[in-house]
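**Q** Supplied in structure tokens, the structure appears directly below.
In my numbering, the protein residues as written are 1210 to 1346.
Here is the structure:
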């Protein structure tokens, strides 16, 4: 039927009805849960390991250890492959850095040669009708 519990006060906030519902859950020993419609339902089953029928505890332990060993081996292989990949990338980048340093050195020497030539070349300046004409001899 219709519940006589108030779920909101004059200000629109929760009131004693919600507190009462929480109290009922506490009184029930937390073995029951509420749905949105405020009906009581059984709690969900907890997640965890599924039972392994037909296996003794020692067999389960052995099975788990073997599985862990396989997983650990795969993890080591992935780590080794990643390390090799990073080493290859590192070598490639070192090679590129060397090439770029050589190119920079060449460009700097060319720039210095142009600067030296510009300062040692005599220039004559003619001014005719407001036009500046620079000539190198």
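Every residue gets a Cβ at the ideal spot worked out from N, C-alpha and C, and that includes glycine.
Distance check for residue 1283 and residue 1292, CA to CA, integer angstroms please.
**A** The residue you call residue 1292 lines up with position 83 of the chain shown. The residue you call residue 1283 lines up with position 74 of the chain shown. Roughly 14 Å separates the two Cα atoms.
**Q** By DSSP, does residue 1337 sit in helix, in strand, or in coil?
**A** Sequence index remark: in the chain shown, residue 1337 carries index 128 (1-based). For residue 1337, the three-state secondary structure derived from DSSP is strand.
**Q** Let me know the secondary structure DSSP gives residue 1266 once reduced to three states.
**A** Here residue 1266 refers to the residue found at position 57 of the chain shown. Helix at residue 1266.
**Q** Hey, would you say residue 1261 sits closer than 7 Å to residue 1269, going by beta carbons?
**A** Locating residue 1261 in the chain shown gives position 52, counting from the first residue. Locating residue 1269 in the chain shown gives position 60, counting from the first residue. Closer than 7 Å, so yes.
**Q** Which class does residue 1293 belong to by DSSP, given the choice of helix, strand or coil?
**A** Your numbering for residue 1293 matches position 84 in the chain shown. In this structure, residue 1293 counts as helix in the three-state DSSP scheme.
**Q** By the three-class DSSP mapping on this structure, what secondary structure does residue 1257 have?
**A** Translated into positions along the chain shown, residue 1257 becomes position 48. In this structure, residue 1257 counts as coil in the three-state DSSP scheme.
**Q** So what's residue 1280 in DSSP terms, helix, strand or just coil?
**A** Start at 1 with the first residue of the chain shown, and residue 1280 comes out as number 71. Residue 1280: helix per DSSP, three-state reduction.
**Q** Rounded to whole angstroms, what is the Cα-Cα separation between residue 1316 and residue 1301?
**A** Sequence index remark: in the chain shown, residue 1316 carries index 107 (1-based). Sequence index remark: in the chain shown, residue 1301 carries index 92 (1-based). Straight across, the Cα-Cα distance linking residue 1316 with residue 1301 is about 23 Å.
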